[in-house]
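In my numbering, the protein residues as written are 726 to 873. The beta-carbon is built from N, C-alpha and C at its ideal position, and this holds for glycine as well.
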Amino acid sequence: PMFGPTFASLNDLSSQSAIIIAESSHLGKVFFRDLYHHLKLNVFEYSFREHDETIAYSLSIPFASTLVFASVMKHQDAPGTTFKKHMQIAQGLLSEDDFLLTEILFNPYTPGQLTNIREKLKELLAIIETKDSERMKAFLTGVRQNIQ
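Given below as structure tokens:
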């Protein structure tokens with residue numbers, strides 16, 4: 726399954742996903758496809774490689790971003806709903822098992838994803854340091870296009 730108990734509502738899993746590995750045994754795939762169908766999960770079938778690439782994208786990026794966010798926090802109250810939501814996500818993530826977090830982050834495709842984050846952070850920092858409004862506008866436009 727592609728969800729942990731921290732963020733998923735176990736009463737309604739219809740918005741959650743599960744991956745079945747294509748190279749798995751036929752009977753195993755049939756069993757899990759049937760189980761996941763009864764749980765109303767969205768089922769994807771990927772090869773081992775596709776699984777690792779997907780996990781690096783869908784879990785390693787948000788996990789690493791959240792860990793970096795939480796690593797610079799200090800014991801101080803801060804107003805704002807965005808900050809509080811990020812804190813809730815960080816607290817939820819850090820309530821997960823260390824082994825699970827480690828396995829996800831040690832995925833062979835995670836370093837490439839983190840390199841992309843580092844490059845974008847470097848670009849954003851340069852825009853902020855130079856107070857370049859035009860580049861900021863272009864950066865924000867690009868980010869908005871990425872999430873449409």
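Residue 829 and residue 781 have their C-alpha atoms roughly 7 Å apart. Contact between the region 770-780 and the region 830-844 is established, with three or more Cβ pairs separated by less than 8 Å. When 749, 801, 761 and 791 are compared, the shortest CA-CA separation from residue 776 is found for 749. Residue 834 carries a coil assignment under DSSP once its states are collapsed to helix, strand and coil. Around residue 766, the same chain offers 726, 738, 739, 741, 742 and 743 as residues with beta carbons nearer than 8 Å, after the five sequence neighbours per side are excluded. Boundaries for residue 747: no beta strand (DSSP E) harbours it, and the DSSP string shows neither H nor E there. Ranked by how close their Cα comes to the Cα of residue 787, the residues 817, 754 and 848 have 817 in first place. Between the alpha carbons of residue 843 and residue 785 lies a distance of about 13 Å.
Here residue 745 is not near residue 756, since their CB atoms are 7 Å or more apart.
Counted as a single uninterrupted DSSP element, the beta strand (DSSP E) harbouring residue 768 occupies residues 767-771. Beyond the five residues adjoining it in sequence on each side, residue 839 comes within less than 6 Å, by CB distance, of 789 in the same chain, given in chain order. Residue 742 is bridged by DSSP to 767.
Under the three-state reduction of DSSP, residue 820 is assigned to coil, being neither helix nor strand.
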